[in-house]
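To start, the structure itself, in structure tokens.
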Amino acid sequence: MDLSALLVPALLSVTAVVGLGKGVNVFDTLTQGAQEGLTILLRILPNLVGLLTAVYMFQASGAMDFLGKLLSPALEAVGIPPETAGLLFIRPVSGSGALAIGSDLMARFGPDSYVGRVAAVMLGSTETTFYTVAVYFGSSGIRRTRHAIPAALVADLTGFVAAAFAVRLFFY
Amino acid sequence: MTLAMAWIWTGMIVLSVIFGLINQTIADVGNAAMEGAAAAVELCISMGGMICLWSGVMAIMGRCGFTDALARLFRPLLCRLMPRACRDKETMAAVSANISCNLLGLGNAATPLGIQAARRMARGCGGVASNELCMLVVLNTASIQLLPTTVAGVRAACGSAAPFEIVPAVWLASVLSVAAGVLAARLLSRVIR
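Quick mapping for you: the protein sequence lines, in order, are chains A and B.
Residue numbers for the first sequence follow numbering that gives the first Met the number 0, so the first one is 0 and each next one is one higher.
Residue numbers for the second sequence follow numbering that gives the first Met the number 0, so the first one is 0 and each next one is one higher.
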């Protein structure tokens, strides 16, 4: 049996039972949390409208294919599907932008295709690096960030290569 | 940061128009603009239920003390990565709570905790990031989420047969990415002063 099929039902039931056992009003907490989810959605919706418009235009004009072709020798050398080229660029800069490109890849190639899965794993295993760096150093008054950005970009690059590798390892 | 996005967005639109004129796909580009805007709303609606549900489940986990348990579990490892921050009780509490909130995907809770830790770690260093502060930032720029619920939501919205089946692959890629980041931070800290 597929273990990941157990994940959702198990998490839901265990969380509910443990919560109730600890005297947490699980239903109230659930709805409060869901309300916060709604706030997240409201915050990303306007961003997605702007960004998916640009991504769809970029895709329809043939510019995305051009970018993929331009980079495909380098990307294929490290095992990354060239279709995800756009995602690699936007991921460290914008979270909603990456979500826009990633969801477009999943919709076009299918969520259970090789490209769709790699896009999903890339989204799940990397973060919006420049945003995080700006928030942390900005709020703590740091002007010389030293090796933080190069090291964070090494993590991102490794994440991209590892995403393609992990999908091949687990699914093909 | 917002300005960078303005440049990227404008660049994408202008490039689309240029490529559209060269490839004679300009009519498609116009249609795509409208489709894209509609697709954004559709995506949000179809993954909205999942995001709300998991935000709720994560809230219950937080209430159950799951965050504290995770913080205790990771404290020894964090002490090895940041020995100086470890000596200050409050900094360490903020760092480990930051990491465990990140693990649960509670981004809204993780960021203020991380900022609190960063401010304490930046004290008295004259605007130059210490090795340990860089380490904290690298840990936060790498994704260490146990359940990538937003991605699973997008997969479900696109009609995946098993939205969560990518979880083991996400874990493996995350672990490799974090390890590379930590290693790079260690090595580069000696080169970039």
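Ideal placement from N, C-alpha and C gives every residue a C-beta, glycine not left out.
Checklist entry - Using a Cβ-Cβ cut-off of 7 Å (strictly less than) and excluding sequence neighbours within five positions of Val114 of chain A, which residues of its own chain qualify? => result One-based indexing of the first sequence puts residue 114 of chain A at position 115. Closer than 7 Å at the Cβ level, and outside the excluded window around Val114 of chain A, lie Pro80, Glu82, Thr83, Leu104 and Phe108.
Checklist entry - Given that Met81 of chain B touches chain A, what residues does it touch there, using C-beta distances under 9 Å? => result To locate residue 81 of chain B, count along the second sequence from 1; it is residue 82. Under the 9 Å cutoff, chain A gives no residues; its nearest Cβ is about 14 Å from Met81 of chain B.
Checklist entry - Around the C-beta of Arg189 of chain B, are 16 or more other C-beta atoms found within 10 angstroms, so that it is buried, or is it exposed? => result Within the second sequence, residue 189 of chain B is the residue found at index 190, counting from 1. Arg189 of chain B should be labelled exposed.
Next on the checklist: I'd like to know if Thr66 of chain B contacts chain A, where contact means its C-beta is closer than 8 Å to some C-beta of that chain.
Outcome noted: One-based indexing of the second sequence puts residue 66 of chain B at position 67. Interface with chain A (8 Å Cβ-Cβ cutoff): Thr66 of chain B is excluded.
Checklist entry - In whole angstroms, what is the alpha-carbon distance linking Val137 of chain B and Leu50 of chain A? => result On the second sequence, position 138 is the one that residue 137 of chain B refers to. On the first sequence, position 51 is the one that residue 50 of chain A refers to. Taking the straight line joining both Cα atoms gives about 27 Å.
Next on the checklist: Does Val17 of chain A come out as helix, strand or coil in the three-state DSSP assignment?
Outcome noted: Your numbering for residue 17 of chain A matches position 18 in the first sequence. Val17 of chain A falls in the helix class under three-state DSSP.
Item to check | the stretch 120-138 of chain B touching the stretch 124-143 of chain A, judged by at least three CB pairs closer than 8 Å | outcome: Flag = yes, the stretch 120-138 of chain B and the stretch 124-143 of chain A touch.
Checklist entry - Of all the CB atoms in chain B, is at least one closer than 8 Å to the CB of Thr157 of chain A? => result Within the first sequence, residue 157 of chain A is the residue found at index 158, counting from 1. For Thr157 of chain A, the answer is yes, since a Cβ of chain B falls inside 8 Å of its Cβ.
Checklist entry - How is the alpha helix (DSSP H) around Val174 of chain B delimited, first residue to last? => result The count along the second sequence starts at 1 and reaches residue 174 of chain B at position 175. Element bounds for Val174 of chain B: Val166 to Val190.
Checklist entry - What does Thr140 of chain B touch in chain A if you count any residue whose Cβ is under 7 Å from its own? => result Translated into positions along the second sequence, residue 140 of chain B becomes position 141. The answer, in chain order, is Glu126, Thr128, Thr131, Val132, Ala151 and Ala154.
Checklist entry - Given that Ser45 of chain B touches chain A, what residues does it touch there, using C-beta distances under 7 Å? => result The residue labelled residue 45 of chain B in the question sits at position 46 within the second sequence. Within 7 Å Cβ-Cβ: nothing; Ser45 of chain B doesn't reach chain A, min ~10 Å.
Item to check | Among B:Ala121, B:Gln23, B:Trp53 and B:Leu42, nearest to Ala84 of chain B - alpha-carbon criterion | outcome: Here residue 84 of chain B refers to the residue found at position 85 when the second sequence is read from its first residue. Ranked by Cα distance from Ala84 of chain B, the options B:Ala121, B:Gln23, B:Trp53 and B:Leu42 are led by B:Ala121.
Next on the checklist: Residues of chain B with CB closer than 8 Å to the CB of Pro80 of chain A, please, in chain order.
Outcome noted: As a working note, residue 80 of chain A is residue 81 in the first sequence. Those within 8 Å of Pro80 of chain A in chain B number zero; the least Cβ separation is about 14 Å.
Next on the checklist: Which runs of the beta strand (DSSP E) at least 3 residues long sit entirely within the stretch 9-62 of chain A? Give them in chain order.
Outcome noted: Residue ranges of uninterrupted beta strand (DSSP E) with 3 or more members are absent from the stretch 9-62 of chain A; none lies entirely inside it.
Item to check | Residues near Asn130 of chain B by beta carbon distance below 7 Å, same chain, minus five either side | outcome: Residue numbering aside, residue 130 of chain B sits at position 131 when the second sequence is read from its first letter. Around Asn130 of chain B: Ser188.
Checklist entry - What are the start and end residues of each continuous alpha helix (DSSP H) run of 4 or more residues lying completely inside the stretch 25-76 of chain B, in chain order? => result Qualifying alpha helix (DSSP H) stretches, in chain order: 25-62.
Checklist entry - Buried or exposed: which applies to Tyr55 of chain A, given that a residue is buried once 16 or more other Cβ atoms fall within 10 Å of its Cβ? => result Walking along the first sequence from the start, residue 55 of chain A turns up at place 56. Tyr55 of chain A should be labelled buried.
Item to check | Beta-bridge pairing of Thr173 of chain A - partner residues as DSSP gives them | outcome: Since the displayed chain A opens at 0 and closes at 171, residue 173 of chain A lies outside it and no answer follows.
Next on the checklist: If you measure between the beta carbons of Ser124 of chain A and Ala161 of chain A, is that distance less than 8 Å?
Outcome noted: Here the question's residue 124 of chain A lines up with position 125 in the first sequence. Here the question's residue 161 of chain A lines up with position 162 in the first sequence. Yes, these two residues count as a Cβ contact at 8 Å.
Next on the checklist: Let me make sure I understand the geometry here. Which of A:Ile43, A:Ala118 and A:Leu40 has the alpha-carbon closest to that of Ala165 of chain A?
Outcome noted: The count along the first sequence starts at 1 and reaches residue 165 of chain A at position 166. Ranking A:Ile43, A:Ala118 and A:Leu40 by Cα distance to Ala165 of chain A puts A:Ala118 first.
Item to check | Own chain, CB closer than 8 Å to Val16 of chain B, minus 5 neighbours either side, in chain order | outcome: By one-based count along the second sequence, residue 16 of chain B stands at place 17. These residues qualify, in order along the chain: Ile25 and Val28.
Item to check | Beta-carbon separation (whole angstroms), Thr52 of chain A vs Ala36 of chain B, contact threshold 8 Å | outcome: Residue mapping note: residue 52 of chain A aligns to position 53 of the first sequence, counting from 1. Residue mapping note: residue 36 of chain B aligns to position 37 of the second sequence, counting from 1. Sure, about 5 Å apart at Cβ, within 8 Å.
Next on the checklist: Quick check on Arg42 of chain A - is its C-beta less than 8 Å from some C-beta in chain B?
Outcome noted: Locating residue 42 of chain A in the first sequence gives position 43, where the first residue counts as 1. Not closer than 8 Å to any Cβ of chain B, the Cβ of Arg42 of chain A fails to qualify, so no.
Next on the checklist: So Thr110 of chain B contacts chain A; which residues on that side make the cut at Cβ distance below 8 Å?
Outcome noted: Here residue 110 of chain B refers to the residue found at position 111 when the second sequence is read from its first residue. Ordered by position in chain A, the residues that pass the 8 Å Cβ test against Thr110 of chain B are Val134.
Next on the checklist: I need the straight-line Cα distance from Ala160 of chain B to Gly48 of chain B, nearest angstrom please.
Outcome noted: Residue 160 of chain B sits at position 161 when you count from the first residue of the second sequence. Residue 48 of chain B sits at position 49 when you count from the first residue of the second sequence. For Ala160 of chain B and Gly48 of chain B, the distance between alpha carbons rounds to 17 Å.
Checklist entry - Just to confirm, are Ile50 of chain B and Leu41 of chain A a CB contact at a threshold of 8 Å? => result Counting from one through the second sequence, the residue named residue 50 of chain B turns up at place 51. Counting from one through the first sequence, the residue named residue 41 of chain A turns up at place 42. No; because the gap between Cβ atoms is not below 8 Å, this pair is not in contact.
Next on the checklist: I need the boundaries of the alpha helix (DSSP H) containing Arg83 of chain B, first residue and last residue.
Outcome noted: Your numbering for residue 83 of chain B matches position 84 in the second sequence. Annotation: the continuous alpha helix (DSSP H) that includes Arg83 of chain B extends over Pro82 to Arg86.
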